[in-house]
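S.K.: The structure's right below; bear with me while I get my questions together.
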Amino acid sequence: MTKRQRRSYSDEYKRQAVDLVLSSGRSAKSVSKELGLDGSVLSRWVAEQGTARAGGSAVAPTSQAAVPSADQADVIARLQRENEQLRLERDILKKSIAIFAGPRT
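Per the numbering used here, the sequence shown runs over residues 1 to 105.
Shown next as structure tokens:
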């Protein structure tokens with residue numbers, strides 16, 4: 001049995017992931033699913049960054065998310081629709097593979 005190798009992430013990546021959770025208003029679980037992370041990992045990062053900020057440590061504050069302009073909002077909406085369509089297509093393909101790869105009688 002092979003050991004599973006532990007993945008490591010840079011501090012900048014962790015900060016960006018936490019900022020995404022905090023600025024989007026979505027749960028850490030949904031954001032972690034989108035990023036391909038385990039939900040508990042991102043939740044722990046959010047908690048650690050929250051205690052680091054409250055404790056007054058030397059963590060540099062990250063920039064606040066700017067409110068998108070109308071053009072950017074249109075692009076974001078279009079990309080979200082496209083993303084949802086691609087997820088649906090992916091799920092259909094996964095189901096079809098399961099059907100065709102199922103047990104043969």
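Note that CB positions come from ideal geometry on N, CA and C, so glycine has one too.
Bear in mind that the values here come from a model prediction, so they are computed numbers and not experimental data.
1) Helix, strand or coil for Y13? Go by DSSP, reduced to three states.
2) For A17 and L35, which I take to be in contact (beta-carbon distance under 8 Å), what is that distance rounded to the nearest angstrom?
3) Pull up the distance between the alpha-carbon of I97 and that of L86, whole angstroms please.
4) Quick one: grab the DSSP three-state call for K110.
5) Could you tell me the alpha carbon to alpha carbon distance between E82 and G50, rounded to whole angstroms?
6) Buried or exposed: where does V31 fall if 16 or more other Cβ atoms within 10 Å of its Cβ makes it buried?
7) Would you kindly report the start and end of the unbroken alpha helix (DSSP H) that includes A28?
8) Out of S24, S23, R15, G25, state which residue places its alpha-carbon closest to the alpha-carbon of V41.
9) At a cut-off of 8 Å, would you count I97 as near the ligand FMN, judging by its Cβ distance to the nearest heavy atom?
10) What residue from G25, D91, V21 has the CA that sits closest to W45's CA?
M.R.: Looking at the atomic coordinates:
1) helix
2) 6 Å
3) 16 Å
4) Lying outside 1 to 105, the shown extent of the chain, residue 110 is not represented and no answer is given.
5) 34 Å
6) By the C-beta density criterion, V31 is buried, having at least 16 other C-beta atoms within 10 angstroms.
7) Where A28 is concerned, the enclosing alpha helix (DSSP H) stretches over 28 to 35.
8) Minimum Cα distance to V41 is reached at R15.
9) Among the components modelled here there is no ligand, and therefore nothing to report on the ligand FMN.
10) V21
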